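Visitor:
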Amino acid sequence: MIFSSLNFFLFFSAFYLLYLFCRLPYQNWLLVAGSLIFYASFDWRLPLLLSILTFGTFYTVKTIADTEIKEEKKNLLFLAIAINIGTLCVFKYFNFFAPSFVKILSSLNIPLQSKALSLAVPVGLSFYVFQNIGYALDIYRGSIKPEQKLADYFLYISFFPKLIAGPIERAANFLPQVKKREKLSSADLHLSGFLILWGLYQKVSISHSLGQIVDSSYKQLSSLSSIEALVCAYAFAFQLYLDFAGYSNMARGISILLGFKIMENFKNPFFATDLLEFWKRWHISLTSWLRDYIFYPFFFNCKNIVLASMLVFFLNGIWHGATLNFAIMGLYWGMAVSITTLINTRKRKSNTYSASQPSGLKWLLLVLFTFHLNCIGFLLFRSQSLQEITSIFARLLALDFKLNEQLIQNIGLMLFMLCPLLVIEFFQFRKDDTACLIKLRPFHQFLLASFLFFQALSAYMYSPEPLLQNSDRQEFVYFRF
Amino acid sequence: MKFRWKEYNMVPSNLGSSRMTVYDDVAQVFQETLKVKVGKIALDSRRGDLPEWDSLGHILLVEALGNKFALKISADDALNMESVADIVRIIESRTQSK
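Respectively, the protein sequence lines represent chains D and V.
Using this note's numbering, you'd call the opening residue of the first sequence number 49 and step up by one each time.
Using this note's numbering, you'd call the opening residue of the second sequence number 3 and step up by one each time.
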């Protein structure tokens, strides 16, 4: 049941009607029940896994807070992290190690099909594992007080708008909202409507169509011209961004309707002028999580910024999966970010650094340069084998500029879809506010809303896959992580 | 709007004179390391409030604070420096326990 589907619309309409008639604490109980039903719609066994990890973390962390002995606190923290990371690793990397395991068993004359040992990664597992670990570390460090009510903690972890693909919400921000619900104001309603429509436009109108260009390019990698490979790289960069940002915006919009304010996950990342700024704008909830819980502790102990950056980005890479492309992607981004960090450190120490944006042509050139650096990383993300990686980069560097009818059509389609998006995003970027569009004059807002609505509607009519959920492409890319 | 007591030459009642000195030194480190004007820094300024105080800025700031106060700032302390007030509190307690 994905946000852009008819099933979710029907589920949420019925749920919200009930929700509006309830008051606290019944609203919270309803939210927990709704979240379990929502999660079970992907697989009935998933709520069980979610419950085991949440209960396990809650009680372990409660004991951390209750004990005074430092050594015991440390051991319990280790236990809480091990429960969560262990579960994540089993599901993420079991398939990677299963063939070796089968080989060992067959050498011992125990025949076993490797298929029988394959495990699918449960939808959203990483996101609630990260929230559990973040909570345990916050309690251990004493940054927040432990939650006393299991039901409230369970709601924090299972809250359905953010359950399957984040944002990775911090307990300090979410738990107070569980206790007290603000009344929905007309400004909230306005913002929520905008975010849902904006997210639908990003996901359904654009990302879905770009996905079709990318998929068809990857099916004929060896015969692509350099321009086709470049168009494929651009298309995938925007597909991935709009897919995930669209989902995150819808999640925020739905949360506001339910009386919760969750964090912004993307802030016009393609207008970043260097990689450090890009990672402050891209998947903010994950990058800030990695910064606070892995990068800082590691850096302040080892004092080596290159090593700390490499570690974080390598972990980020293999978190996506135990495949070569993700490991190479992690190393690539680690190196690129380390170099940028060293340059910026030098600039800051030599008084040539400015936190304000450069202007004019310099800004544009830096934005384009950063975007192309990121496209390399995105291609590593998209390619599923070493062969695909070498093929796409070989085609890019082949200097073969042949044009064909399909390519011209794809370029036209991309310009048609991305030009309005980039104009709107540039406006948001300049105002430093994604929601600045709701501050436009009513007539301009009406025009914009009509544009977004009809774009989304025509995309549904042209290709009803996202609505009907009958193909793989309707799914959000980050569901599998 | 944040109340910037430095601009009004007023000392908040909860800040003693020793804390005031620590604050002045911390503000100076902010100015020298992050190139932030002293007037822009308030006791309740938090990480992320100032564009200069980003993750790289925080690393440089912690290093500079260690040099300024001749302290070895631990990883836990560096992580707990979420606001200017946190920094003043941590520096004060570490210099007292030296």
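Cβ atoms here follow ideal geometry from the backbone N, Cα and C, with glycine treated the same way.
Predicted, not measured: the structure shown is a model, and the values here were computed from it.
Distance check for L372 of chain D and S433 of chain D, CA to CA, integer angstroms please.
Guide: Position 385 of the first sequence, counting from 1, holds the residue named residue 433 of chain D. Position 324 of the first sequence, counting from 1, holds the residue named residue 372 of chain D. Taking the straight line from one Cα to the other gives about 7 Å.
Visitor: Would you list the residues sitting across from S85 of chain V in a DSSP beta bridge?
Guide: One-based indexing of the second sequence puts residue 85 of chain V at position 83. According to DSSP, S85 of chain V bridges with V:R48.
Visitor: In terms of residues, what are the limits of the alpha helix (DSSP H) holding Q435 of chain D?
Guide: Counting from one through the first sequence, the residue named residue 435 of chain D turns up at place 387. 434-444 is the span of the alpha helix (DSSP H), which, as asked, contains Q435 of chain D.
Visitor: Closer than 8 Å is the cut-off here; do at least three beta carbon pairs connect the stretch 262-282 of chain D with the stretch 447-454 of chain D?
Guide: yes
Visitor: If we cut at 7 Å on Cβ distances, does A77 of chain V have a partner in chain D?
Guide: Numbered from 1 along the second sequence, position 75 holds the residue referred to as residue 77 of chain V. Closer than 7 Å to some Cβ of chain D, the Cβ of A77 of chain V qualifies, so yes.
Visitor: Check the Cβ of L58 of chain V against every Cβ in chain D and list those closer than 7 Å, keeping chain order.
Guide: Residue mapping note: residue 58 of chain V aligns to position 56 of the second sequence, counting from 1. Chain D residues near L58 of chain V: L324, T389, N392, T393.
Visitor: Quick check on A80 of chain V - is its C-beta less than 7 Å from some C-beta in chain D?
Guide: Position 78 of the second sequence, counting from 1, holds the residue named residue 80 of chain V. By this cut-off, A80 of chain V is an interface position.
Visitor: Can you give the Cα-Cα distance for A88 of chain D and V80 of chain D, rounded to whole angstroms?
Guide: For the purposes of this step, residue 88 of chain D is taken as residue 40 along the first sequence, with counting starting at 1. For the purposes of this step, residue 80 of chain D is taken as residue 32 along the first sequence, with counting starting at 1. Cα to Cα, A88 of chain D sits roughly 12 Å from V80 of chain D.
Visitor: Assuming contact is defined by CB atoms lying nearer than 7 Å, are F236 of chain D and I304 of chain D in contact in what I supplied?
Guide: Here residue 236 of chain D refers to the residue found at position 188 of the first sequence. Here residue 304 of chain D refers to the residue found at position 256 of the first sequence. Checking the sequence, you will find Asp at residue 236 of chain D rather than Phe. In this structure, D236 of chain D places its C-beta atom within 7 Å of the C-beta atom of I304 of chain D.
Visitor: Establish whether the CB of P345 of chain D and some CB of chain V are separated by less than 7 Å.
Guide: As a working mapping, residue 345 of chain D is identified with position 297 in the first sequence. Yes - at least one Cβ of chain V is within 7 Å of the one on P345 of chain D.
Visitor: Is Y141 of chain D helix, strand or coil when you go by DSSP?
Guide: Walking along the first sequence from the start, residue 141 of chain D turns up at place 93. Three-state DSSP puts Y141 of chain D in a helix.
Visitor: Quick check: the Cα distance between L81 of chain V and F501 of chain D, rounded to an integer number of angstroms?
Guide: Mapped onto the second sequence, residue 81 of chain V falls at position 79. Mapped onto the first sequence, residue 501 of chain D falls at position 453. One C-alpha to the other measures close to 45 Å.
Visitor: Name the chain V residues that come within less than 9 Å of K328 of chain D, Cβ to Cβ?
Guide: Position 280 of the first sequence holds residue 328 of chain D. Residues of chain V passing the Cβ test: D56, S57.
Visitor: Under 7 Å between beta-carbons, which chain V residues line up against R396 of chain D? List them in chain order, please.
Guide: Counted from its first residue, the first sequence places residue 396 of chain D at position 348. Chain V residues near R396 of chain D: L62.
Visitor: For V109 of chain D versus A184 of chain D, is the C-beta distance shorter than 7 Å?
Guide: For the purposes of this step, residue 109 of chain D is identified with residue 61 of the first sequence, where counting begins at 1. For the purposes of this step, residue 184 of chain D is identified with residue 136 of the first sequence, where counting begins at 1. In contact: V109 of chain D and A184 of chain D (Cβ atoms closer than 7 Å).
Visitor: For Q268 of chain D, which of helix, strand or coil comes out of DSSP?
Guide: In the first sequence, counting from the first residue as 1, residue 268 of chain D sits at position 220. In the structure shown, Q268 of chain D sits in coil (DSSP, three-state: anything other than H, G, I, E or B).
Visitor: In chain V, which residues lie less than 8 Å from I112 of chain D when you measure between Cβ atoms?
Guide: Residue 112 of chain D sits at position 64 when you count from the first residue of the first sequence. In chain order: nothing, as chain V lies at least about 15 Å away.
Visitor: Is the CB of N534 of chain D under 7 Å away from at least one CB in chain V?
Guide: Lying outside 49 to 529, the shown extent of chain D, residue 534 of chain D is not represented and no answer is given.
Visitor: Out of D:T115, D:L338, D:S407, D:F56, which has the shortest C-alpha to C-alpha gap to I85 of chain D?
Guide: To locate residue 85 of chain D, count along the first sequence from 1; it is residue 37. For I85 of chain D, the nearest C-alpha among the options comes from D:F56.
Visitor: Select from V:I93, V:A87, V:E94, V:Q98 the residue whose C-alpha is nearest the C-alpha of S47 of chain V.
Guide: Taking the second sequence and counting its residues from 1, the one referred to as residue 47 of chain V is at position 45. Of the candidates V:I93, V:A87, V:E94, V:Q98, the one whose C-alpha sits nearest the C-alpha of S47 of chain V is V:A87.
Visitor: So that I know if they touch, is there some Cβ in chain D lying closer than 7 Å to that of M3 of chain V?
Guide: In the second sequence, counting from the first residue as 1, residue 3 of chain V sits at position 1. Unreliable positioning characterises M3 of chain V in this predicted model, as indicated by a pLDDT of 39, which lies under 50. A coordinate reading is not provided.
Visitor: Are I181 of chain D and I129 of chain D closer than 7 Å when you measure CB to CB?
Guide: On the first sequence, residue 181 of chain D is found 133 positions in, with the first residue counted as 1. On the first sequence, residue 129 of chain D is found 81 positions in, with the first residue counted as 1. In contact: I181 of chain D and I129 of chain D (Cβ atoms closer than 7 Å).
Visitor: Taking V28 of chain V and I93 of chain V to be in contact with their CB atoms under 8 Å, please state how far apart those CB atoms are, rounded to whole angstroms.
Guide: Within the second sequence, residue 28 of chain V is the residue found at index 26, counting from 1. Within the second sequence, residue 93 of chain V is the residue found at index 91, counting from 1. With a Cβ gap of about 7 Å, V28 of chain V and I93 of chain V count as contacting.
Visitor: Going residue by residue through the stretch 145-231 of chain D, where are the continuous alpha helix (DSSP H) segments of at least 4 residues, counting only ones entirely within it?
Guide: 173-189, 198-206, 208-211, 219-227
Visitor: Name the chain V residues that come within less than 8 Å of N123 of chain D, Cβ to Cβ?
Guide: Here residue 123 of chain D refers to the residue found at position 75 when the first sequence is read from its first residue. In chain order: nothing, as chain V lies at least about 18 Å away.
Visitor: With distance defined between alpha-carbon atoms, name the residue in V:V24, V:D26, V:E34 nearest to T400 of chain D.
Guide: Locating residue 400 of chain D in the first sequence gives position 352, counting from the first residue. In terms of Cα proximity to T400 of chain D, the closest of V:V24, V:D26, V:E34 is V:E34.
Visitor: Taking C-beta pairs closer than 7 Å, name the residues in chain V that F429 of chain D reaches, listed in chain order.
Guide: As a position in the first sequence, residue 429 of chain D is number 381, starting the count at 1. Simply none; closest approach about 23 Å.
Visitor: Indicate whether A283 of chain D and I187 of chain D have their beta-carbon atoms separated by less than 7 Å.
Guide: Against the first sequence, residue 283 of chain D aligns to sequence position 235. Against the first sequence, residue 187 of chain D aligns to sequence position 139. No, they are not a contact pair.
Visitor: Quick one: list the residues of chain V neighbouring F348 of chain D, beta-carbon separation under 9 Å, in chain order.
Guide: On the first sequence, position 300 is the one that residue 348 of chain D refers to. Neighbours of F348 of chain D on chain V, chain order: I61, V64, I75, S76, A77, D78, D79, A80, L81.
Visitor: At least one CB of chain V closer than 7 Å to the CB of R339 of chain D: is that the case?
Guide: Reading the first sequence from its first residue, position 291 is the one you call residue 339 of chain D. It does: the Cβ of R339 of chain D has a partner Cβ on chain V nearer than 7 Å.
Visitor: Near N364 of chain D, which residues of its chain fall below 7 Å by C-beta distance, leaving aside the five closest residues on each side in sequence?
Guide: As a working mapping, residue 364 of chain D is identified with position 316 in the first sequence. Hits under 7 Å: L338, G378.
Visitor: Leaving out the 5 sequence neighbours to the left and right, which residues in its chain are closer than 6 Å to G382 of chain D when beta-carbon positions are compared?
Guide: Here the question's residue 382 of chain D lines up with position 334 in the first sequence. Excluding sequence neighbours, G382 of chain D sits near S357, M358, F361, F362.
Visitor: Which residue comes first and which comes last in the alpha helix (DSSP H) that contains L416 of chain D?
Guide: Start at 1 with the first residue of the first sequence, and residue 416 of chain D comes out as number 368. Where L416 of chain D is concerned, the enclosing alpha helix (DSSP H) stretches over 408-430.
Visitor: What residues in its chain sit with their C-beta under 6 Å from that of M3 of chain V, if we drop five residues either side in the sequence?
Guide: Mapped onto the second sequence, residue 3 of chain V falls at position 1. Note on M3 of chain V: pLDDT 39, under 50, position unreliable in the model; the coordinate value appears next. Excluding positions up to five away in sequence, the list is empty.
Visitor: What in chain V is Cβ-close to R189 of chain D, meaning under 9 Å?
Guide: Here residue 189 of chain D refers to the residue found at position 141 of the first sequence. Simply D78, L81, N82.
Visitor: For a quick check, are the C-beta atoms of R91 of chain V and L73 of chain V less than 7 Å apart?
Guide: As a position in the second sequence, residue 91 of chain V is number 89, starting the count at 1. As a position in the second sequence, residue 73 of chain V is number 71, starting the count at 1. Cβ distance not < 7 Å, so R91 of chain V and L73 of chain V don't count as in contact.
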